[in-house]
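Here the structure comes first, spelled out in structure tokens, and everything after it is commentary.
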């Protein structure tokens, strides 16, 4: 079965037990990942369950993606996997804040989305959850030595021979005065 990304809200079953379950595998381009700094290797895959309580659609998702990042110390490329597991509630765009909080299920920290009209497009939701799961720092290995601050050599493979202690460029003129006054 093809992956449905835009659901008519009226077709989403009422209640958790009758919910619609679907596996998916979507290309990064299909989810809107283009030149935005995140490189996805292969397809984004996962499992979705959707159900409805009136006009409120709940989505439970387990998502998997392989992401290519740069090591924050040596700039080598690193492959990492992210696996966000989320439960989200989607409200009609016309719902007011008081309508949302009257449901008794939603607190201010819950992830809430809105949908316009009678259709719910889940591509932006999946994309956002993958982006939120990207770690802020990635390392090629735990003991990464990084780059030499003088010459830029990757210190993981070889040592460059530069002096570890370099004078601060702002004080070179003062150092010269000190040497002449001696």
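Residue numbers (our numbering): 244 to 425. Ideal placement from N, C-alpha and C gives every residue a C-beta, glycine not left out. Computed from a predicted structure; not experimentally measured.
Query	Result
Any idea what DSSP makes of residue 364, helix, strand or coil?	strand
For residue 376, tell me which candidate among 360, 279, 385, 328 has the shortest Cα-Cα distance.	328
Would residue 319 pass as an interface residue toward chain C - the criterion being a Cβ-Cβ separation below 7 Å?	The structure shown contains no chain C; it holds only a single protein chain.
Classify residue 271 as buried or exposed, calling it buried when 16 or more other Cβ atoms lie within 10 Å of its own Cβ.	buried
I'd like the list of long-range same chain contacts for residue 374, defined as Cβ closer than 8 Å, with 5 residues on each side in sequence excluded.	281
Between the beta-carbon of residue 260 and the beta-carbon of residue 303, is there less than 7 Å?	no
Examine the Cβ distances between the stretch 292 to 306 and the stretch 251 to 269 and report whether three or more of them are shorter than 8 Å.	yes
Taking the C-alpha atoms as reference points, what is the distance between residue 265 and residue 290?	6 Å
Quick one: complete alpha helix (DSSP H) runs, 4+ long, within the stretch 309 to 342?	none
From residue 367 to residue 324, what does the alpha carbon distance come to, in whole angstroms?	20 Å
Could you check if residue 244 is buried or exposed, using at least 16 other CB atoms within 10 Å of its CB as the buried criterion?	Note that residue 244 scores a pLDDT of 44, beneath 50, so its modelled location is shaky and nothing firm can be said.
Can you grab the Cα-Cα spacing for the pair residue 354 / residue 415, in whole Å?	54 Å
Terminal residues of the continuous alpha helix (DSSP H) containing residue 422?	415 to 424
So, with DSSP's three-state summary, where would you put residue 302?	strand
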